[in-house]
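Asker: Using the numbering used here, the letters of the sequence shown map in sequence onto residues 1 to 723. Virtual Cβ for every residue (Gly too), placed ideally from N, Cα, C. Computed from a prediction, not measured in an experiment: that's the story for all the values here.
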Amino acid sequence: MSPLLGFSDNPFKSRDDVLRGATSLLKPLTPYKSSCGARIKLSTATGTGFDEVSAQLEGFARPLWVVADLLAAQSTSSATASGVSDLDLNSWIRGLDAGVNPHSDTFWGYSGDHDQRMVEMEPIAYALLCAPSVFLSAPSSASDLDPHVDLQKRDRIVTWLRSINDKTVPPSNWRWFRVLVNLALVKSCGVPYDEVKPLMDADFKVLDSFYISNGWSSDGLWSADKSQADYYSGSFAIQYSQLAYVRFAQDLDPERVKRYRSEAGEFAATFWRYFDINGAAIPFGRSLTYRFAFAAFWSAAVVAEIPFSAPLNDLGVIKGLLLRHLRWWAKQRDIFNTDGTLNIGYTYPNMFISEDYNSPQSVYWCLKTFSVLRLSADHHFWRCEELPHPLSTNNTLGHEFNYQDDVKTINRNDKSLDPLGVVSAAVQVTCSFPEHHFLLSAGQSTRKPHRGREAKYSKLAYSSTFAFSVPVGPLLSQMAPDSTLSVSNDSGDTWKARWVPETPRIKSVQLTLEGQKESGPIIATVPVLISAWRPWIPLKIETILVPPLARWPGWHVRVHILTWKDHYSISSLQGSPLQLVDAGFAISSKGAKGGVLPALTEDLRELSSSEGEKANDVAQEGIWEGNSSCLVLSDAGASGVADLSAAARRQPPIDPIHIGLAQRTRIPALHHHFHSIQSRDSEAWLITGIFAVASSSGLDNASIRELWQDKPCLDVEEYTNIL
1 MSPLLGFSDN PFKSRDDVLR GATSLLKPLT PYKSSCGARI KLSTATGTGF
51 DEVSAQLEGF ARPLWVVADL LAAQSTSSAT ASGVSDLDLN SWIRGLDAGV
101 NPHSDTFWGY SGDHDQRMVE MEPIAYALLC APSVFLSAPS SASDLDPHVD
151 LQKRDRIVTW LRSINDKTVP PSNWRWFRVL VNLALVKSCG VPYDEVKPLM
201 DADFKVLDSF YISNGWSSDG LWSADKSQAD YYSGSFAIQY SQLAYVRFAQ
251 DLDPERVKRY RSEAGEFAAT FWRYFDINGA AIPFGRSLTY RFAFAAFWSA
301 AVVAEIPFSA PLNDLGVIKG LLLRHLRWWA KQRDIFNTDG TLNIGYTYPN
351 MFISEDYNSP QSVYWCLKTF SVLRLSADHH FWRCEELPHP LSTNNTLGHE
401 FNYQDDVKTI NRNDKSLDPL GVVSAAVQVT CSFPEHHFLL SAGQSTRKPH
451 RGREAKYSKL AYSSTFAFSV PVGPLLSQMA PDSTLSVSND SGDTWKARWV
501 PETPRIKSVQ LTLEGQKESG PIIATVPVLI SAWRPWIPLK IETILVPPLA
551 RWPGWHVRVH ILTWKDHYSI SSLQGSPLQL VDAGFAISSK GAKGGVLPAL
601 TEDLRELSSS EGEKANDVAQ EGIWEGNSSC LVLSDAGASG VADLSAAARR
651 QPPIDPIHIG LAQRTRIPAL HHHFHSIQSR DSEAWLITGI FAVASSSGLD
701 NASIRELWQD KPCLDVEEYT NIL
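1) Quick check: Ile722 and Ile523, are their CB atoms within less than 8 Å of each other?
2) CA-CA distance, Val509 and Pro481?
3) Spell out the partners DSSP gives Tyr357 in its beta bridges.
4) Please state whether DSSP places Thr784 in a helix, a strand or coil.
5) Work out the CA separation of Leu25 and Tyr193 for me, nearest whole Å.
6) On the premise that Leu578 lies in contact with Val487, defined as a C-beta separation below 8 Å, what is that separation, rounded to the nearest angstrom?
7) The beta strand (DSSP E) with Ser630 in it runs from where to where?
8) Identify, in the order they occur along the chain, each residue of the same chain with its Cβ nearer than 6 Å to the Cβ of Asp97, setting aside the five sequence neighbours on each side.
9) Does Gly660 come out as helix, strand or coil in the three-state DSSP assignment?
10) If we ignore side chains and look at the alpha-carbon of each, how far apart do Asn278 and Ser645 end up?
11) Please list, in chain order, all residues of the same chain as Lys13 whose beta carbon is under 8 Å from its beta carbon, the five residues on each side excluded.
12) Quick check: Ala592 and Asp635, are their CB atoms within less than 8 Å of each other?
13) May I have the straight-line CA-CA distance separating Arg327 from Pro504, to the nearest angstrom?
14) Taking Ser464 as the reference, give the member of Arg291, Ser133, Val169 and Asp9 with the closest Cα.
15) Who are the near neighbours of Ala22 in its chain, counting only those whose CB is closer than 6 Å to its CB and skipping five residues on each side?
16) Cβ atoms of Ala642 and Gly689: under 8 Å apart, would you say?
17) Within the same chain, show all residues whose beta-carbon is closer than 7 Å to that of Ala68, passing over the 5 residues directly before and after it, in chain order.
18) On the three-pair Cβ rule with 8 Å, is the segment 439-457 touching the segment 291-304?
19) Assign Pro254 to one of three DSSP states: helix, strand, or coil.
20) Please list, in chain order, all residues of the same chain as Arg62 whose beta carbon is under 7 Å from its beta carbon, the five residues on each side excluded.
21) Using the beta-carbon count (16 or more within 10 Å), is Tyr240 buried or exposed?
22) Ser703 to Leu633, Cα distance in whole Å?
23) Inspect the CB distances between the segment 542-558 and the segment 463-477 and report whether three or more fall short of 8 Å.
24) Rounded to a whole number of angstroms, what is the C-alpha to C-alpha distance between Trp382 and Glu305?
25) Would you kindly check if the distance between the Cβ of Leu243 and the Cβ of Ala184 is under 8 Å?
26) Around the Cβ of Glu195, are there at least 16 other Cβ atoms within 10 angstroms (buried) or fewer (exposed)?
27) Below 6 Å CB to CB, which residues in the same chain sit around Thr430 once its five sequence neighbours on both sides are set aside?
28) Let me make sure I understand the geometry here. Which of Glu120, Asn358, Leu686 and Glu706 has the alpha-carbon closest to that of Ser692?
29) Can you tell me whether Leu600 is helix, strand or coil according to DSSP?
30) Would Leu631 and Trp552 be called neighbours here (beta carbons separated by less than 8 Å)?
31) Assign Tyr348 to buried or exposed, taking buried as 16 or more other Cβ atoms, counted over all protein chains shown, within 10 Å of its Cβ.
32) Within the same chain, show all residues whose beta-carbon is closer than 8 Å to that of Arg664, passing over the 5 residues directly before and after it, in chain order.
33) With distances taken between CB atoms, is the gap from Phe248 to Lys187 smaller than 8 Å?
34) Identify whether His379 lies in helix, strand or coil by the three-state DSSP scheme.
35) How would you label Ile537, buried or exposed, when you count the other beta carbons within 10 angstroms and need 16 or more for buried?
36) Over what stretch of residues does the beta strand (DSSP E) that includes Tyr211 continue unbroken?
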């Protein structure tokens with residue numbers, strides 16, 4: 001794949017930079033536009049679960065997330081300087097008129113029930129709200145922003161948009177599409193508010209039912225069938241749509257606008273923790289091919305002038321969260337096709353991570369993040385100093401967080417800067433430590449047939465450094481089940497990955513920790529996550545997730561309690577022993593020089609004849625395999641797992657062995673065989689230490705190995721009180 005000039009080489013520090021980045025993404029679309037501009041079809045020939053006309057409508061509509069703002073602000077001097085003059089933005093004006101015209105060869109067709117056209121109506125509604133005079137004026141005066149409306153054009157647009165109003169819209173974030181369509185009909189197209197208000201009120205009633213707490217809404221009603229609070233709760237959909245409503249509905253609905261402003265502030269109070277200090281966001285959930293749409297919430301919030309509390313109460317902090325995210329993506333050079341268009345995937349082309357609703361044009365939902373370009377160059381956002389991440393200890397722009405500093409030096413009296421962030425609505429705990437930025441998750445899942453749904457929602461942890469794997473087949477090696485549990489009861493012929501957790505909850509507990517030699521026991525109060533999973537009705541696996549503790553940097557702990565009915569013999573299940581795989585983070589298998597990692601043993605360093613040689617051995621890259629543990633050291637950092645059951649004085653009746661999974665990555669894991677459990681047994685405990693240190697930590701391999709060797713020592717008996 002080739003880098004994209006204007007994006008991949010972009011410093012993303014100023015408005016001109018952001019504008020250049022946006023226009024560089026739009027330019028490669030030019031040769032794929034239909035003659036009238038109503039459709040865009042990229043050269044990639046992958047299909048979707050909806051019709052091809054809708055897919056080409058996607059190509060037209062999704063760039064409007066930024067095109068609308070560029071058209072509304074195209075009179076600014078910076079626009080010409082940054083390449084907007086090279087773009088035919090008016091093609092979107094012409095295209096809208098042709099697409100809604102039933103007599104046009106490129107007519108999009110009217111919406112049906114559950115129709116993809118409903119989705120694409122939202123950016124069209126956004127465009128009409130942002131720049132009504134541009135999109136509704138007569139063609140001859142469009143470039144002059146003439147306020148005179150072409151009534152025939154407007155009527156065609158109204159007729160097409162109204163087709164959503166008598167159709168069935170799924171009870172999900174899709175209800176926002178109809179709300180914003182009707183808002184645009186009222187605010188921009190002259191449709192009486194009283195005509196659409198009953199329908200808007202009905203949609204709001206459904207949307208209100210999604211609300212959980214602290215500004216978070218689930219994507220659909222939170223239930224046993226669908227428990228999703230992901231990026232659709234924020235940047236991809238719900239919060240972004242609410243902030244669009246805040247911008248354009250103040251006069252129509254001041255009370256709801258006031259509520260949405262408050263919810264945006266609450267949401268931001270935990271959402272910033274999903275972004276690392278280097279700008280990377282934690283990927284989890286569906287539609288990850290939307291990439292830097294992760295940060296769209298920050299753009300929408302700034303344009304809507306949402307006030308935030310500490311540590312986000314300086315606009316420079318928000319500026320940093322947004323621009324660092326764009327800079328992180330600028331370094332991902334494999335996200336582009338050779339023609340400069342975005343590909344389907346995440347940091348590289350990957351159809352396995354895609355959804356059945358991802359056409360080649362779908363990826364341009366990412367342009368939501370550029371709505372901040374609506375702000376003129378003299379706005380305070382562009383003039384203020386970009387500030388570091390709230391958890392960075394540096395106050396100087398351009399310097400990275402000194403990962404050698406003890407995280408305890410971060411303001412101990414400010415709870416908003418605690419490295420552990422409890423996100424109760426999402427049943428997650430974010431962990432922002434010098435060694436690693438990730439989250440622990442206990443309660444999300446969906447029964448919707450999304451591709452790789454177990455991997456996208458039900459893993460135990462997700463990382464901004466070690467992105468999760470998605471399955472490519474049914475075999476264990478093809479499932480690549482990092483950061484999760486997998487079980488088999490038929491000699492490994494088939495496997496089940498953790499899915500649909502029961503009774504998820506977050507609980508604050510006190511743990512007694514073994515201190516270092518010079519100190520006594522330590523009492524730590526931490527939030528732990530608890531949930532259960534039933535792979536089969538007789539078998540229950542309850543899991544406690546303990547986040548990293550200052551005593552053991554780089555480590556977090558899982559405690560699994562397996563219980564089964566007294567009459568149920570787990571060792572004779574289908575004549576095969578139960579197998580359970582408890583896996584750590586997937587890590588790049590590439591060495592610093594690009595070679596394959598060697599397989600090593602724990603005994604290697606004991607063979608050294610001198611301290612200097614020993615240091616070299618300890619620092620060596622490779623896959624370190626020992627009894628009941630595995631550590632991978634590569635160019636990405638370190639990832640490892642260790643069986644802590646014996647140290648916790650609760651030895652399970654199993655045989656643990658380590659395994660490595662997946663091409664181009666390695667997944668350290670413990671593979672347990674329950675072959676000696678008698679029918680009278682009804683419980684077994686497993687305690688797993690999960691180790692991960694990112695290369696960006698600044699720690700050398702020798703220092704990482706020291707952290708690895710100092711494994712957590714927890715008294716498992718304490719956990720009986722937690723449950």
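Answerer: Let me spell this out:
1) Position 722 of the sequence shown, counted from the start, is the residue given in the question as residue 722. Position 523 of the sequence shown, counted from the start, is the residue given in the question as residue 523. It is not a contact, given that the beta carbons lie outside the stated cut-off.
2) Translated into the one-based positions of the sequence shown, residue 509 becomes position 509. Translated into the one-based positions of the sequence shown, residue 481 becomes position 481. If I take the Cα positions, the gap works out to 29 Å.
3) To locate residue 357, count along the sequence shown from 1; it is residue 357. Residue pairing by DSSP leaves Tyr357 without any beta bridge partner.
4) Nothing in the structure corresponds to residue 784, since the chain is present only between 1 and 723.
5) Residue mapping note: residue 193 aligns to position 193 of the sequence shown, counting from 1. Residue mapping note: residue 25 aligns to position 25 of the sequence shown, counting from 1. As the crow flies, the alpha-carbon of Tyr193 is around 37 Å from that of Leu25.
6) Residue numbering aside, residue 487 sits at position 487 when the sequence shown is read from its first letter. Residue numbering aside, residue 578 sits at position 578 when the sequence shown is read from its first letter. At roughly 7 Å, the Cβ-Cβ gap stays under 8 Å, so Val487 and Leu578 are in contact.
7) Here residue 630 refers to the residue found at position 630 of the sequence shown. Before going on, a small fix: residue 630 reads as Cys here, not Ser. Here the beta strand (DSSP E) through Cys630 covers Ser629 to Ser634.
8) Residue numbering aside, residue 97 sits at position 97 when the sequence shown is read from its first letter. Taken in chain order, the residues that qualify are Lys153.
9) Translated into the one-based positions of the sequence shown, residue 660 becomes position 660. Reliability of the predicted coordinates at Gly660 is poor, the pLDDT of 38 falling under 50, and the value obtained from them is presented with this limitation in mind. It is coil, neither helix nor strand.
10) By 1-based counting over the sequence shown, the position of residue 278 is 278. By 1-based counting over the sequence shown, the position of residue 645 is 645. Looking at the two C-alpha atoms, the distance is approximately 36 Å.
11) If you number the sequence shown from 1, residue 13 lands on position 13. So the list reads Leu323 and Glu386, once near-sequence residues are dropped.
12) Translated into the one-based positions of the sequence shown, residue 592 becomes position 592. Translated into the one-based positions of the sequence shown, residue 635 becomes position 635. One thing to note: Ala592 has its Cβ within 8 Å of the Cβ of Asp635.
13) Position 327 of the sequence shown, counted from the first residue, corresponds to residue 327. Position 504 of the sequence shown, counted from the first residue, corresponds to residue 504. In a straight line, the C-alpha of Arg327 is about 36 Å away from that of Pro504.
14) One-based indexing of the sequence shown puts residue 464 at position 464. Per the Cα distances, Arg291.
15) Counting from 1 along the sequence shown, the entry for residue 22 is found at position 22. Hits under 6 Å: Val66 and Phe370.
16) Residue mapping note: residue 689 aligns to position 689 of the sequence shown, counting from 1. Residue mapping note: residue 642 aligns to position 642 of the sequence shown, counting from 1. Cβ atoms of Gly689 and Ala642: closer than 8 Å.
17) For the purposes of this step, residue 68 is identified with residue 68 of the sequence shown, where counting begins at 1. Correct list, in chain order: Tyr126, Ala127, Cys130 and Ala131.
18) no
19) Start at 1 with the first residue of the sequence shown, and residue 254 comes out as number 254. Three-state result, Pro254: helix.
20) By one-based count along the sequence shown, residue 62 stands at place 62. Closer than 7 Å at Cβ, skipping near neighbours: Pro123, Gln361, Tyr364, Trp365 and Leu367.
21) The sequence position of residue 240 within the sequence shown is 240, counting from 1. Its Cβ being crowded by 16 or more others within 10 Å, Tyr240 is buried.
22) Reading the sequence shown from its first residue, position 703 is the one you call residue 703. Reading the sequence shown from its first residue, position 633 is the one you call residue 633. Taking the straight line joining both Cα atoms gives about 12 Å.
23) no
24) Taking the sequence shown and counting its residues from 1, the one referred to as residue 382 is at position 382. Taking the sequence shown and counting its residues from 1, the one referred to as residue 305 is at position 305. Cα to Cα, Trp382 sits roughly 14 Å from Glu305.
25) For the purposes of this step, residue 184 is identified with residue 184 of the sequence shown, where counting begins at 1. For the purposes of this step, residue 243 is identified with residue 243 of the sequence shown, where counting begins at 1. No, the pair does not count as a contact, with Cβ atoms beyond the cut-off.
26) As a working note, residue 195 is residue 195 in the sequence shown. So Glu195 ends up on the exposed side.
27) Here residue 430 refers to the residue found at position 430 of the sequence shown. So the list reads Arg273, Gly421 and Leu439, once near-sequence residues are dropped.
28) Here residue 692 refers to the residue found at position 692 of the sequence shown. For clarity, residue 692 is Ala in the given sequence; the question names Ser instead. Among Glu120, Asn358, Leu686 and Glu706, the Cα nearest to that of Ala692 belongs to Glu706.
29) Mapped onto the sequence shown, residue 600 falls at position 600. Strand.
30) Walking along the sequence shown from the start, residue 631 turns up at place 631. Walking along the sequence shown from the start, residue 552 turns up at place 552. No, the pair does not count as a contact, with Cβ atoms beyond the cut-off.
31) Reading the sequence shown from its first residue, position 348 is the one you call residue 348. Flag for Tyr348 reads exposed.
32) Taking the first residue of the sequence shown as position 1, residue 664 is located at position 664. Here the set comprises Ser588, Ser589 and Lys590.
33) The residue you call residue 248 lines up with position 248 of the sequence shown. The residue you call residue 187 lines up with position 187 of the sequence shown. Yes. Within cutoff.
34) Your numbering for residue 379 matches position 379 in the sequence shown. In the structure shown, His379 sits in coil (DSSP, three-state: anything other than H, G, I, E or B).
35) Your numbering for residue 537 matches position 537 in the sequence shown. Per the 10 Å Cβ criterion, exposed.
36) Locating residue 211 in the sequence shown gives position 211, where the first residue counts as 1. Per DSSP, Tyr211 belongs to the beta strand (DSSP E) from Tyr211 to Ser213.
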